[in-house]
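Chains as they are written, first to last, in the working numbering: chain A, 1 to 262; chain B, 1 to 303. Even for Gly, the Cβ is constructed at its ideal location relative to N, Cα and C. Predicted model, so just to flag it, every value in this text is computed and none were measured. Reviewing the structure listed below.
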Amino acid sequence: MKRLAIYSIIRKDIRGITVNTRLFASIWIVPIIFTVFFPSIFVFSIHMVPDDPDFIKLLEQFPASLQMESTDLSIIALIANYILPVFFLMIPIMTASIMAASAFVGEKERRTLETLLYCPLTLKEIFHAKVLASFLLSMFVSLSSFLVMLIVLEVEVFFLMGSLLVPGISWLIVMLLIAPAISLIAITLIVLGSAKAKSVEEAQQSAVFLVIPIILLFVGQFSGVLFLGNWVLLGLGILCAGAAFVLLLQSMKHFTYEKLLK
Amino acid sequence: MQAITIQNLSKTYETGKEAVKNLSLSLEAGEVFGFLGPNGAGKTTTVKLLTGILTPTSGTCRVFDLDPQTEANRVHAVSGIVTEHAQMYDHLTAMENLMFYASTFGINRSEAKKRSETLLAEFELTDAKDQKLASFSTGMRQRLSLARALIHRPSILFLDEPTSGLDPENAQRVHQMIRKLASEEHIAVFLCTHQLRYAQEVCTRYGLMDEGTLLVTGTLEELRTSTFSGQTLSIRADRLPAGLPFVSCGDSFYTTSIRSEQEIPDLIRTLVAQGVNLYEVSVKKPSLEDIYFALTAKQTEGF
Ligand SMILES: Nc1ncnc2c1ncn2[C@@H]1O[C@H](COP(=O)(O)OP(=O)(O)O)[C@@H](O)[C@H]1O
Ligand SMILES: [Mg+2]
């Protein structure tokens, strides 16, 4: 009985996003830019621009594991393994934020939250259903974006350079640990903020604070300052997962019917 | 079992506003209780305390022996709740909305469909069942809210201003449905409204609230006898009768107050003997509004 109730809340929340064309578009536009547009630009420009001797010298300083059969391929592999994953920190944050803002603040704004609270589920169960709905959508968007990007990259690299790319281990860590963890963090932050936020926009703004550090990290990666090894990445992932877990538990404690409806 | 028991319930908001002061009352199953009072009297606050949305400052309340504080979800399982702020989804149709709320109560699809169709028919919404709620009028929304509150066959209905924003015709319809529900399905109804005139036609018992305080409870007859010592006899005649305590109230109407019906035959005989032409004789009983104003006036005078 409870399972049916929780399942239908999740379904309703996800449907609430997919039937809203504006929200649905905003969820997909950024991932498409990140996973199709940017990588394609990289691949084509690397293919067109003649090799710069300075750059080749720079590449030679990287570990042998990164060296590929051609300079072009090495550069693409470098971008694919060290720059593109950063987009996959932003995609789950954006999706989770849009979804969570609509599922919590949006329901409050439209005065449907109170009706939902009158169902025979406990506050905790309703909360879990809603967090899970945001999390599932966020992971679906992230994983499918990843697949799309992989296909686009492989096809382009294959036709332009006649070879295939092998994604590094870092992808595994990013997609299976870091992305889920930070989408949970984004969701809980939005939910915590939703007690105060009076509008969906206001709630989404609080998520911006999450995106900024990641952009900084991105810039760091790009200039080669922050060159994280897989172990560091794994450590970071575990840290994020821990933080997500603690935040989730804390935010749950915070809630009463009264606070939610205020 | 009592549907509701409230003992010394008080709620003071963070702002310092004492919205409910030391409220005690009880409600039997099958009763339609009219919880009446002007805006700001504390009605909504009481409903929120009974449904577990608010925490009382002191005192206790129980709904079918469940504590809304610790087991709100179990209170919700036996309650149908309609409040002004409990809206449904605009992007879903009437049917989809009902199906969704049914599923949150653990009702499976086929049963939910049957139940929704019955309720939609009962509330005259069958023609609109596949329309999105965005296109619904206030009256239709209100009726759908009632249908939604009944989807899980609750034992008690909390209705907070169910007719606010409705025209008299729609309000009448909603009230007829409430009365029918109570008599046919034996549901207890806790009806909050500031429209005393409407409430008089619906409820079996009343509680009058003013500024967080429960002034009085009882049936209409009980309230009448406890508030007014008598009734008003009103006649339409061609002239003011002499020597009798009638006062003119315009348009050939004259009134006097009497202690009981037994006084009427003698009065009429005297009038006829005087040669007064009588066109109409009626006994006016005080309405809920009369009672309410008499009580609040007493309050301000007496205390
Ligand atoms: N959340 C709140 N915070 C502070 N005061 C409130 C709050 N809700 C209601 N009140 C005040 O409490 C009093 C009772 O309100 P309410 O229960 O809504 O009355 P009613 O439903 O009878 O109109 C009013 O004076 C109202 O302004
Ligand atoms: Mg009210």
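With contacts defined by Cβ atoms closer than 8 Å, Leu-146(B) and Pro-168(B) do not form a contacting pair.
Within the region 92 to 170 of chain B, the runs of alpha helix (DSSP H) at least 4 residues long that lie entirely inside it are, in chain order, 94 to 104, 109 to 122, 138 to 150. Close partners of Met-149(A) in chain B (Cβ separation under 9 Å) are lacking, with about 31 Å as the shortest Cβ gap. Using beta-carbon distances, Gly-37(B) does not count as an interface residue toward chain A, since no partner is under 8 Å.
For Ala-179(A), the enclosing alpha helix (DSSP H) begins and ends at 179 to 194. Note: Asp-210(B) is bridge-paired with Thr-213(B) in the DSSP secondary-structure output. The distance from the Cβ of Ala-171(B) to that of Tyr-198(B) is about 6 Å, consistent with a contact at the 8 Å cut-off. The beta carbon of Leu-123(A) sits closer than 8 Å to the beta carbons of Leu-117, Phe-255, Thr-256, Tyr-257, Leu-260 from its chain, once the five residues preceding and following it are set aside; these are given in chain order. Within the region 4 to 81 of chain B, the complete alpha helix (DSSP H) segments of 4 residues or longer fall at 43 to 50, 72 to 78, listed in chain order. Those residues whose C-beta sits under 6 Å from the nearest heavy atom of ligand 1 are, from N- to C-terminal order along the chain, Tyr-13(B), Thr-15(B), Lys-17(B), Ala-19(B), Gly-37(B), Asn-39(B), Gly-40(B), Ala-41(B), Gly-42(B), Lys-43(B), Thr-44(B), Thr-45(B). The Cβ atoms of Ile-79(A) and Phe-42(A) lie closer than 8 Å to each other. Between Glu-261(B) and the set Pro-245(B), Ser-282(B), Arg-173(B), the nearest pair of CA atoms involves Ser-282(B). In the three-state reduction of the DSSP assignment, Phe-255(A) falls in the coil class. Residues of chain B whose Cβ lies closer than 8 Å to the Cβ of Ala-5(A) are, in chain order, Ser-103, Thr-104, Phe-105, Gly-106. The Cβ-Cβ distance between Ile-151(B) and Val-63(B) does not fall below 8 Å. Counted as a single uninterrupted DSSP element, the stretch harbouring Phe-104(A) is not any beta strand (DSSP E), since DSSP gives it neither H nor E. Annotation: Cβ neighbours of Arg-110(A) in chain B (cutoff 8 Å, chain order): Gln-87, Tyr-89, Asp-90.
In this structure, Asp-160(B) sits away from Lys-17(B), with a CB-CB distance that is not shorter than 8 Å. Nearest to Val-19(A) by C-alpha distance, out of Thr-193(B), Ala-188(B), Ser-103(B), Asp-90(B), is Asp-90(B). As summarised for the region 212 to 294 of chain B, the continuous alpha helix (DSSP H) elements at least 4 residues long and confined to that stretch are 220 to 227, 264 to 273, given in chain order.
For the region 30 to 56 of chain B, the set of positions with a beta-carbon nearer than 9 Å to some beta-carbon of chain A reads Lys-48, Thr-51, Gly-52, Ile-53, Leu-54, Thr-55 in chain order.
Per DSSP, Thr-115(A) lies in no beta strand (DSSP E); the unbroken alpha helix (DSSP H) holding it starts and ends at 113 to 117. Taking non-hydrogen atoms of ligand 2 into account, the C-beta of Glu-261(B) is found less than 7 Å away from none of them. Distance from the CA atom of Ala-19(B) to the CA atom of Val-148(A), rounded to whole angstroms, is 58 Å.
Gly-165(B) and Thr-138(B) do touch by the CB rule: their CB atoms are close to 5 Å apart, below 8 Å. The residue from Leu-249(A), Trp-28(A), Ser-102(A), Ile-6(A) with its alpha-carbon nearest to that of Thr-104(B) is Ile-6(A). When beta bridges are read from the DSSP output, Arg-205(B) appears opposite Phe-33(B). For Phe-190(B), the enclosing beta strand (DSSP E) begins and ends at 188 to 193. Residue-level contact by beta carbon fails for Phe-123(B) and chain A, as no gap is shorter than 8 Å. The beta-carbon separation of Lys-11(B) and Thr-57(B), rounded to 5 Å, stays under the 8 Å limit for a contact.
Annotation for His-128(A): the continuous alpha helix (DSSP H) segment containing it runs 123 to 161. Contact between the region 30 to 40 of chain B and the region 176 to 196 of chain B is present: 3 or more CB-CB pairs across the two stretches fall below 8 Å. When the Cα atoms are used, Glu-221(B) and Arg-143(B) turn out to be separated by approximately 30 Å.
Residue burial annotation: Glu-201(A) is exposed, with fewer than 16 other C-beta atoms found within 10 angstroms of its C-beta.
When Cβ-Cβ separations below 8 Å define contact, Lys-130(A) makes no contact with chain B.
Shown here, Gln-87(B) sits in coil according to DSSP, grouped into three states, outside any helix or strand.
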